[in-house]
Each structure stands twice: as C-alpha cells, then as structure tokens.
C-alpha cells in the first residue's frame, strides 16, 4: 500500500539551545491549518512546562547515548567527578556546523570538557531521541505506521549546503527514511506560520513582508511576496548571522567572570552552574526595559557570594541579598546590546534595497523575539513599518515546519543563494588560462577545473524549474564513466572551481559503457530547483539512441561450439532443496548424478505451465519435479529468476559497473495467464532480489509487437494499421491484435487469447511416438544422459525441419541409444516405418511432420476465429514470433490459411519477446490502450432485500440486516481503456460505527455480469486497508474508490473523504 498524501506530518526543530517536535494529522490540517500540536516538556522548575527541551545530550564513557534535554542536564550535574571526566556531555553544539568549510561525516566536535566525538554520531543521536520520543508519545493516543509519516527537519537558511546535507544524513542515520524527509528553512517555516495564523487580509496579493527569525544560535532574515496564486515568492536571499540568544548568555557569563573572577567561577559545581543558567533564562525571557528600573535578582551559590569583595560589588553596582545577586536594570539590558544592534543594523541594510521598497510588515519570531528589548529596538528603528510579534513566536518555526510538510509548494519561488555549476576541462588557451591549470591528456592540452556555470546567484527560480541542458564530453577515449563534480560559489562569475569560496557539493557518476565514439560521446547536465534542495540531473546522451540495439547473452549449448540466446528452463536442487544449477549445466549435472543422488535431488524442467489456469495458486503451492518429488513452486521459480539476475550482474561486471538502483527490470509473462499467475511471478522476482519498484511485467505478445514495430520498416506500420501477433512459445501460444493510433502508440483491439499449444506439444508427440515404437519398458531403460541427448537431438531437428525439402520425401535421422536399438522388434519397425542405420533412427518425413499437426492446427483454427471478428477486419499483417515460429510447417500452414494477409517472420523471431521486453522497459507507454481481460470490482455489503437477495447472503451487523459478498462493478471485461484512464469514483461506507479500518477487497471475474463475489470464476486480487481513525461520523463516513489502468497493472485508489488521504495498490492484471 502506498499513500499519495501522508496521514501525519512530524516536524523536528533541532535548535542551538532548545529542540522539540510538533505534528498534525492531514485531516486536521485540511480543516484547520492552525491545529498543530506540540509536546510539553517538564522543565524541572516547579510545574513549568515548555514546548522545547534543551539541546543537551549525554553519552556514557563508551560513547553510548544516555539521555537528552532536561534529563541529560540533570544527570550530568549529578555524576561523580570521575564520571564527569569520562562521560561526554554536549550542549549548544549546533553552531559547530555554521560556516564549517571542511564539514563531513568524519568531522569531530568537542563536548563541554573538550573531549571529542564524531559530530554525525552526536547529531543523529539527538534526532533519534526526538523521533523515538514522538513514537512513544503517539502510541498512547493512536496507531500510525512509519510509512504514513512525513518527517520535516528545520535548518537555518543561512547555513551552507554542506551543513544542510549533513543534517539530512544525520536524520537518515537516526532512522528516518530519506524519501519521507523534507528539510525546511527556518525563516520560511516561520513565514508559513505567520501567514496561517494572522488574518488573511494582512497578506493581500502583491504584499511583501519580512521574517526576522532570532533563534538561539543564528538570526535568519528573509523577505517574501504574496503571488497571485497565493504562493510566496522569495524576494531576497536568506541572510543573517550568529547573533542569536546565546550572545546574551555569553554576555552574562562574561559579566560573572568580571564580577567574581575566573577562579571563583571554576569552583562552582555543575549543578550550581546549571541552576544559574536556568535562572538567567527565566530572567532573559521576562526582562522588560519599559518596566520600572528595578534590579534583576538571580540566585548564586555560596562559593560566589563568599568570593565577592566589597570593591568589586561597588564597581559593578551589584548587591547580595541572601542567596540572590541583584543586578541593575541597565546592566541586564547591556547583555542584549550586541545581538540587538547586529539584528537592527542588518535589517536596516536590507530595507535599503529596492526590492524591499513596498515592505510594510516585519514579523519577529524565534526565542529571542520574546525579548522586549529587541521588540522595542525594532519598532524604534523602523517607525513607518508594522513590527509584529506572533503569538507563540518561539514556536513559529516548529509549527510552520508542520505546515511546510503538508504543502511544501506554498513557497513557490526561491532566490539562488550561490552560483552553481560543474567543474570541467576545456581546451587550454595559452593567452587566457593560467599555466598551473595546464594538463596533458592523451596528447591534448586541457585547462583543468573550469567552472561551467549553470545557475547564477541571485536568480529567482520557480519551484521545480529546470535549467537548459549543458553538454559535456569524456576526455579519454576509453572512459567508461564521467564524474560530474557539482560546485558552488558565492561569486556571480567564477572562472575556476578553485577560486576563493568555491566548494564541491557532491559528485554524480555517469556510466558510459559504450566506448564506440570515444571522446565524441555526450553527457547532458541540468539543475532543477526542488523545495529547499537543488536537484542535479546528468543524462548519458548516447543511451537509448537506437531501439534496435538490444544485447543478449549467448549461452554455450554443450553441442560443439553452438551458442543460443536462451538456456533450458531446467533447475537442479540438492537433497536439502538448496539451489545447485540452472540451464545446460543443470541438465548435464543431473544426468551425471549417481542413481541414489538422482532419487534424492530435485530436478525441475518445463515447469512454467504449472501456473497456467491454476485457480488455487498461492505462495504455498507445491509442484512436482521429474521424479514426482515436491517443492514449493515459489522457491523453484524464484531460484531460476535469481540465477538469471546474478548471471547478468556477473557478466556485466566484466564490461562495466552499474549500481542495482540504476536498473529497470522487466519480466515477461504470457498474456493469457490469469491474474494470480502474474502476481505469483512478480512475487517470485521480488523474492529473487529484484526491487518491486524497479520491476515491470511485460505481456509476451505485447513485447513482441514492440520488437516488430521497432525492427521492421516504419512504412509498414502507418497510422490506422491493424496487425496481429502470434507468439508461439514453448508452452503457450498468445495472440493479440493492435492498431497504430494517431499518436503512434499501439491500441489493443482484441483481448489476449490463445492456449497451451506451444512447442512442447511437438515434443510430446515425439515422446508418444517413441513409446509406440519401442515400448514403455525400453524407454525406461534409457539413462538420464541418453534421454537428454535424444531431447537435444530432436530440438535441433525440430527447428530445422522443412516440409518442402526434397519434395517432402527425405527421412529425418535422430540418434538413439543401444538399449532402444536392441529392443526394436521387426514388427514394430514395419508397423512404424522407421529404419535403424548405425546409431541413428530414420523417421519418414510425413511421420515427422505429423508431430506438428495438433499445435499447428490449433493455432491456425484460433487465428481463423479471431480474423472473423469485425475488430480485425482490416488486419493485413500477421507476425509470427516465438520458438515455434521458426517451424516451416507452421509458417506454411499460416500462409496457406490466410492467403490475403501478409504473414511475416521477423529476423530473430525466437528472441522477439525478449528484445521487445527491453524496449517495453525503456518506454512502457508505447502500448497506449488495452482491453480489460476480466470484469473488475470490489466486494461489499448492501442492506438486505428479502424479495431479491438469497437468504444465505444475510448477515446481521449492529442490528441491521445486510446482504454480504455483493459485487460492485467498476470495469467490464472487454472494455478498452487508455493507459492511465481512471473510472468514476464510487463511494462506500463502513458498516460498523467504530470501524477504524475499512478493507477494500478487489475482485476479478471472467463474467460480464455478476451479482456476488461468490459467483463461479470470481477471485480476489488483494485488499487495500483504508485507515479511518476519526470515528465521529460513525457509519456516515465514506471512502471513494476508483480504478486506473497503468501499464500492465490495474491500480486501485481509495480515498478517505474525511481526511483526503489516498491509499493505493497495484495488481498485475492486463
């Protein structure tokens, strides 16, 4: 199940001094954006609570996480001195990332005693604590799966890219899935909070406003304009500096040292130090310069009171009253001077810019914004501008980040804070380039480290906007990969990636395994503004330029030097059911096993047809090997797929290097298989190690159609052209008909059809012939090796047999073992007119041709039935593909049966499905329309009607009579549906008032009109569980359901009408 919109958004504000989290459910956000919840942390000071806890972390002597926040502070102060020296205590450490040019995952930071740990371990431990604390808190209220959560992590806007990426990595290390994590710039989050919590008439279209986010460590300033769409456009890039609340704390600490002396300060215990810090934090937040000039009273320990000399006290105008130190009003105010003046001066500089000419509102947010001193200074400095202090200003970033998590597109435009480009090589110009940049590569002079600019700092870019592509080439002829080194610079026009201020953001490795064109190959690079992050795309300009260029592996057949594009689907397991070998190796190994081993081992061949029309197929289904011994079908199929997957990787590593995530896998399945069999194959592939998100199922005749369309002259596939594919494989024959649409995509005009008439039917006829000639007893005398050799001999003859050769009179010669030659009686030989010549059996031409009679006639008759349908009346071409299509007998029969239709046998017809599947993997949208192979709907209940419903369907729920197992139809079998087409929504309601989960059971049936899901032929495809935690409406709540055709899959979407959350699942159906 996947959810398009997350059920819950959780934001973490990991601050310099304080941290916390906030959250809201999607249905709450839709009804009231202001409804954002925070956790209230007990501060340890009386009954006082706070929305944030101190960003303090304690690790034990082994660097194992111990505690966070108030608990970490209190625990550390109570530790014995020897433990304090061994343990690691970090506080207010976030600023170590600010302007750290050498920041990486190995960077180390110091704790309060100077002992070091890896910064990544410290930050991730803090984030992990907040994440786990949220989960524990939530479990007491409701149950939400991790996959239903969208996480948001706040970061200062003025931080560099390396610091932001560091925080992302720390969050991922803390257990947050990177795909469900967004970074929110702190002042942007505050802007969203203000816009959502202030009267909307204060944010008219065209309105420009400024956010001053004064936190604990940094001050971030941004300015936004309200666009016509209601979205916000950044009009100034983020700016600011390290002027947060900790500057006030630093001034207070400096004051203490001046008053009491460093020696006295060092005498304080950790507990006493902590108490003074907490006392000052309260005073700092409540200090009001407008109030009376009364002094501020702060507790101090005995060691400081004892050390205070009369002269020092008079000098600093402080008094000791009991255990309190009384500090004059003006002295406390002076602690704020530096940060307040820095903030005012910076805002004044920004206000002088032309972009801010129309600004008439400033919003103060962040912890320091509670300061009356800062508020007063801002109002005095900007008398003609409205200065607002938001309600809960200290939580504005945290709560705004939740809003950002629900809808990150609200910030519609951002200004590039830096110039972005890539570091590259160019031809060396002796008149322009510095000598030290000269490098010689394969006899050519290059200038290294040229900055190729893609985005200039100060450029305003729309969310999702992409730059034009820039092209780059490898500098070595045999270069199999190109490194795209993404570089940033504060300068508008840097010349070299080594210029002052330039830094590398990261590297993208583009693999270019095709060396054909040497240095004339191209890599296209572009940058895309996406949310708070810059996305860089690098495309190999040569990949996919030739649809016909599909490579296959050539398997050694073991028959001389002959090779084949396919290996036998034979799998050998040992006596413990452990995979041993596949293909020719499995065949040869099994035949060489001693008899006692053959009876204990498991040997499967030609077992794929066990899935055909198996109505009870599931993951526990068992299949028999050649001796009748059973294994789970899932283990057999997945072992075969895994072998092919691993073999591909081994083969590829000899030529080039690819990551698994770079690969799109395609698995072919017969089109006439039922949904259960297709789903079974998907599960087997996933069990084999293929990521389901990178796996597509391709219907075999559709893949063949794409191969034919790509490998035959395009003039043969004009718009409106209708053609038929007859895919005659080993087990099944699949027949489809397609029409070339105006868009050049293919439209299915007949649903797939066919039957089990593949090449194995010819093999069966030959085996029956052998039994008739030699008798079953003689056949059973053959060794496994002799049996295998006969099979391989027959396969070669079967493919090359030509009914027109030598006027049809040449016999066919096949090797047979001595045991068969010895058993052949004269009567049997005359009865079946064969002859023995040495070790060969000579079979008359007509007898051999008769082996093809049943499958050929079945195929011809089926195609004749289809051609008579009006949908294919204009079809003028039939393409024969698959292994049996090589048969001259089948080709001749088809040409004779349909003289007015062109019968084509493409080059490499046996590989048409395989190679066409590769084309399908590159562009599955080429098949634009398909026909529903079943009727699809859902299982539900309706109120019972005694005059219409059978009594056995009656069920009583909460006192109401319902008819159970009612089929609600969405798609009728035979309906043509466009790729991506959706059915209208249907609404369903829960039947129980306290029903928190509503299962949507998806059903398929071969019947066009059915009433109940228990009708013959009905089968369940799967279930979508829709969570409906809001029970307010009882049974009046509703879930909307629709079905969408996508590729070879049927997608079912269920939407909770109360929350707007969408749940979806896909089923391999078409």
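Residue numbers (the numbering used here): 981 to 2050. Quick reminder that beta carbons are idealized off the backbone N, C-alpha and C, glycines included.
Taking only three categories from DSSP, how would you classify residue i?
i: residue 1457; result: coil
i: residue 1887; result: coil
i: residue 1910; result: strand
i: residue 1612; result: strand
i: residue 1012; result: coil
i: residue 1074; result: helix
i: residue 1965; result: coil
i: residue 2036; result: strand
i: residue 1527; result: For residue 1527, the pLDDT reaches just 43, beneath the cut-off of 50, and the residue's location in the model is therefore unreliable, although a value from the coordinates is still provided. Looking at residue 1527 - three-state DSSP - the assignment turns out to be coil, as it is neither helix nor strand.
i: residue 988; result: strand
i: residue 1769; result: helix
i: residue 1901; result: helix
i: residue 1794; result: strand
i: residue 1392; result: strand
i: residue 1304; result: strand
i: residue 1027; result: Interpretation of residue 1027 is limited by its pLDDT of 48, a score under 50 that renders its predicted location unreliable; the figure taken from the coordinates is listed afterwards. Three-state DSSP puts residue 1027 in coil, outside helix and strand.
i: residue 1311; result: helix
i: residue 1324; result: helix
i: residue 1701; result: coil
i: residue 1621; result: helix
Does the beta-carbon distance from residue i to residue j come in below 8 angstroms?
i: residue 1503; j: residue 1464; result: yes
i: residue 1862; j: residue 1898; result: no
i: residue 2018; j: residue 1968; result: yes
i: residue 1553; j: residue 1562; result: no
i: residue 1873; j: residue 1836; result: yes
i: residue 1907; j: residue 1647; result: no
i: residue 1072; j: residue 1018; result: no
i: residue 1317; j: residue 1265; result: no
i: residue 1383; j: residue 1624; result: no
i: residue 2034; j: residue 2021; result: yes
i: residue 1739; j: residue 1712; result: no
i: residue 1320; j: residue 1373; result: no
i: residue 1617; j: residue 1683; result: no
i: residue 2030; j: residue 2046; result: yes
i: residue 1168; j: residue 1137; result: yes
i: residue 987; j: residue 1132; result: no
i: residue 1846; j: residue 1944; result: no
i: residue 1509; j: residue 1462; result: no
i: residue 1220; j: residue 997; result: no
i: residue 1267; j: residue 1352; result: yes
Identify the residues that DSSP records as bridge partners of residue i: which are they?
i: residue 1490; result: 1462
i: residue 1751; result: Residue 1751 pairs with nothing; no bridge assigned.
i: residue 1737; result: Paired residues: none, contrary to the question.
i: residue 1984; result: 1916 and 1999
i: residue 1034; result: 998
i: residue 2054; result: Because the chain in this structure spans residues 981 to 2050, residue 2054 falls outside the shown range and cannot be described.
i: residue 1020; result: For residue 1020, which the question treats as bridged, DSSP gives no partner whatsoever.
i: residue 1069; result: 1038
i: residue 1814; result: In the DSSP output, where bridge partners are listed per residue, residue 1814 has none listed.
In the DSSP assignment, the alpha helix (DSSP H) including residue i goes from what residue to what residue?
i: residue 1451; result: No alpha helix (DSSP H) holds residue 1451; the beta strand (DSSP E) holding it covers 1450–1452.
i: residue 1252; result: 1250–1266
i: residue 1515; result: Residue 1515 -> not in any alpha helix (DSSP H); beta strand (DSSP E) instead, spanning 1513–1520.
i: residue 1142; result: 1141–1153
i: residue 1841; result: 1833–1847
Starting from residue i, trace the beta strand (DSSP E) both ways and give me its first and last residue.
i: residue 1714; result: 1713–1720
i: residue 1943; result: 1940–1951
i: residue 1830; result: It is not in any beta strand (DSSP E) - residue 1830 instead sits in the alpha helix (DSSP H) that spans 1825–1830.
Using a Cβ-based criterion (distance less than 7 angstroms to any ligand heavy atom), does residue i qualify as near the ligand MN?
i: residue 1909; result: What this structure holds is no ligand at all, so the ligand MN is not there to describe.
Beta strand (DSSP E) runs wholly inside the stretch 1858–1887, at least 3 long, in chain order: 1882–1884
Could you give the uninterrupted runs of the beta strand (DSSP E) lying entirely in the stretch 1177–1248, keeping only those of 3 residues or more? 1188–1194, 1199–1206 and 1212–1221
Just to confirm the assignment: which complete beta strand (DSSP E) runs, minimum length 3, are found wholly within the stretch 1652–1699? 1675–1679
My parser needs the beta strand (DSSP E) runs of 3 or more residues fully inside the stretch 1541–1599; what are they? 1550–1553, 1559–1562 and 1582–1585
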